[in-house]
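One structure below.
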Amino acid sequence: MESKPDIRALDAPVLTALFAELGEPAFRVDQLRRWLWTAGAEDFLAMHNLSKGLRETLNARFSARLPRVVDEACAADGTRKLLIELDDGARVETVLMPRVGWREEEADGGPAPEFHDTACLSTMAGCPMGCAFCATAKLGLTRRLAAHEIAAQILLLRRHSERLRNAVFMGQGEPLENYEATLEAARLLLGPLGMGARRLTVSTCGVVPGIRRLAREPEKLKLAVSLNAPDDALRDELMPVNRRWPLAELLDACREFYDLTGRRVTFEYVLLGGVNDSPEQARALVRLLHGVPHKLNLIAYNPVAGLPYRAPRDSDVERFLEITRRGAYAANLRRSRGAEIAAACGQLSLRSATAPPEEPTT
Ligand code: SF4
């Protein structure tokens with residue numbers, strides 16, 4: 003078992019101080035970070051543009067190993083889910099969604115087709131937010147992930163995709179309740195991992211202070227909000243976060259996000275059969291979102307064993323879509339991916355967190 007500290011846990015200032023202590027010039031830090039974050043290298047001794055002495059010193063003191071992939075599943079639609087094990091044995095899932103079809107806005111504000119793959123990154127092992135329909139919620143919080151543990155998921159997923167361009171902080175955990183690490187991970191994605199800010203989305207269940215803070219960050223990341231109910235009574239029941247920050251406060255923060263960033267918020271609405279999918283609720287949703295520049299993604303629920311919710315009927319989904327499309331802003335039905343490998347929305351669960359160690363499958 004590797005016991006040396008993970009070199010990827012050291013940020014640029016810490017590496018700069020370390021290299022100064024070792025008598026190495028500052029530009030070596032950039033060289034090392036390119037090996038670690040751009041090339042995804044795991045062997046110091048193969049980093050040929052570093053001196054032999056430095057390579058050996060780093061190799062003696064640190065590990066460059068990426069988290070271990072302990073299980074892997076691929077759905078017929080190409081969605082791939084990796085179960086990874088972190089240094090302390092905590093396990094999280096990370097998902098690659100192929101040609102997910104999400105759209106970027108062109109300069110004129112019109113939609114453009116999007117054909118790149120998307121990474122769905124976990125920011126916590128488990129989750130403390132307690133959403134009633136969510137598999138991860140059943141597991142509670144094991145721990146928050148560090149920035150390098152979040153960003154390293156991209157390196158693991160890139161082994162399976164050459165066109166991975168988008169990332170959404172939306173896997174297990176609530177990113178805005180792990181704010182510093184999520185932002186630091188985003189900075190790694192924007193820096194040595196070479197991704198663009200328009201391709202990074204932070205998805206929240208409605209942590210209002212985090213939304214207001216994110217709106218003021220220079221990185222200008224995109225925001226998605228998991229809404230799932232058109233009124234406080236139902237949302238209180240489905241998403242305990244709503245008791246702390248009810249809809250009026252949440253939508254006020256979303257309006258401010260748009261005012262400060264110029265970016266429309268994407269609202270995600272998971273349709274739960276017989277719970278939030280009636281025509282009245284569709285109309286209430288249109289009224290609720292009136293005046294908030296947004297995109298609306300409707301997602302048909304994927305049933306989770308042990309939870310009392312069912313998938314909506316196709317006819318109810320179509321009717322809900324039709325009504326919300328008559329609202330002022332764009333509404334789409336987003337096909338949920340990877341349902342048969344439990345990689346779809348609300349299905350990521352930490353069977354992993356408590357499972358005994360297994361042999362790697364890759
Ligand atoms: S839906 Fe997201 S925020 Fe809610 S419990 Fe699940 S992982 Fe946590």
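Here the sequence shown is numbered in the numbering used here, starting from 3 and rising by one per residue.
Beta carbons are placed, not taken as given, at the ideal position from N, Cα and C, and that holds for glycine.
Ignore the nearest five residues each way along the sequence and tell me which others in residue i's own chain have a CB closer than 7 angstroms to its CB.
| i | result |
| --- | --- |
| A43 | W37, M49 and A66 |
| G142 | G128 and P130 |
| R214 | A255 and E258 |
| A188 | L202, E221 and L223 |
| L323 | L300, A333 and L335 |
Tell me whether residue i counts as near the ligand SF4, meaning its Cβ is closer than 6 angstroms to at least one heavy atom of that ligand.
| i | result |
| --- | --- |
| M131 | yes |
| A183 | no |
| E151 | no |
| C256 | no |
| T326 | no |
| A139 | yes |
| E176 | yes |
| C122 | no |
| C207 | yes |
| C136 | yes |
Look at the alpha carbon of residue i and the alpha carbon of residue j, and state the distance between them as a whole number of angstroms.
| i | j | result |
| --- | --- | --- |
| D89 | A148 | 11 angstroms |
| D79 | T40 | 28 angstroms |
| L240 | F135 | 7 angstroms |
| G55 | L158 | 29 angstroms |
| A332 | A199 | 22 angstroms |
| R160 | N180 | 24 angstroms |
| T144 | W247 | 24 angstroms |
| F46 | A11 | 15 angstroms |
| D13 | A183 | 12 angstroms |
| V71 | I152 | 14 angstroms |
| N244 | S205 | 15 angstroms |
| S5 | R35 | 21 angstroms |
| G195 | I156 | In the sequence as presented, Gly is not what sits at residue 195; that position holds Leu. Roughly 8 angstroms between the two C-alpha positions. |
| L20 | R336 | 47 angstroms |
| L287 | D119 | 30 angstroms |
| L292 | M197 | Rather than Leu, the amino acid found at residue 292 in this sequence is His. Near 33 angstroms, if we compare the C-alpha coordinates of M197 and H292. |
| C76 | L178 | 29 angstroms |
| L68 | I86 | 10 angstroms |
| E251 | R327 | 24 angstroms |
| L290 | M99 | 30 angstroms |
| D234 | T138 | 23 angstroms |
| P7 | R146 | 18 angstroms |
| Q33 | A62 | 19 angstroms |
| Y303 | L309 | 12 angstroms |
For residue i, which residues of its own chain have a beta-carbon under 8 angstroms away from its beta-carbon, when the five flanking residues on both sides are left out?
| i | result |
| --- | --- |
| T18 | A28 and V31 |
| V267 | L225, A226, V227, C256, F259, Y260, V294, P295, H296 and K297 |
| R321 | P281 and A284 |
| R265 | K222, K224, L225 and F259 |
| V209 | E176, L178, E179, V243 and W247 |
Measuring alpha carbon to alpha carbon, tell me which of the options ends up nearest residue i.
| i | options | result |
| --- | --- | --- |
| F64 | I9, D45 and E182 | I9 |
| R101 | G196, R167 and R57 | R167 |
| K384 | G293, Q174, Y303 and L24 | Residue 384 lies beyond the stretch modelled for the chain, which goes from 3 to 364, so this question has no answer here. |
| S280 | V294, N244, P232 and L298 | P232 |
| F269 | L249, E74 and L98 | L249 |
| T59 | D73, A75, E23 and L85 | E23 |
| G212 | L236, E176 and N278 | E176 |
| M172 | R214, C133, L123 and A154 | L123 |
| P15 | E186, I301 and L98 | E186 |
| C207 | A217, R201, R237 and R146 | R237 |
| S53 | L216, E324 and E26 | E26 |
| R165 | A121, E219, A307 and A188 | A121 |
| V170 | P7, G329, S163 and L191 | L191 |
| E133 | V306, T81, T263 and F117 | Position check: residue 133 holds Cys in this sequence, whereas Glu was assumed. The candidate whose alpha carbon is nearest that of C133 is V306. |
| I301 | V319, L309 and G308 | V319 |
State yes or no: is the beta carbon of residue i nearer than 7 angstroms to at least one beta carbon in chain D?
| i | result |
| --- | --- |
| A75 | No chain D appears in this structure, which consists of one protein chain only. |
With a threshold of 6 angstroms (Cβ to nearest heavy atom), would residue i be considered close to the ligand ADP?
| i | result |
| --- | --- |
| N244 | This structure does not include the ligand ADP; its bound ligands are the ligand SF4. |
Suppose the cutoff is 6 angstroms on Cβ atoms and the five residues either side in sequence are ignored; what does the same chain contact list for residue i look like?
| i | result |
| --- | --- |
| G111 | With a pLDDT of only 49 at G111, under the threshold of 50, the placement of this residue in the model should not be trusted; the figure read from the coordinates follows. So the list is empty, once near-sequence residues are dropped. |
| L262 | A217 |
| G329 | V288 |
| H150 | R10 and A11 |
*Any contact of the stretch 251-268 with the stretch 218-232, i.e. 3+ C-beta pairs under 8 angstroms?*
The stretch 218-232 and the stretch 251-268 touch, with three or more beta-carbon pairs separated by less than 8 angstroms.
*Is it true that the stretch 88-98 meets the stretch 127-134, where meeting means three or more beta-carbon pairs spaced less than 8 angstroms apart?*
Output reads yes: the stretch 127-134 touches the stretch 88-98.
*Count the C-beta pairs between the stretch 293-313 and the stretch 266-278 that are closer than 8 angstroms, then say yes if the count reaches three, no if not.*
Yes: the two stretches touch, three or more of their Cβ pairs being nearer than 8 angstroms.
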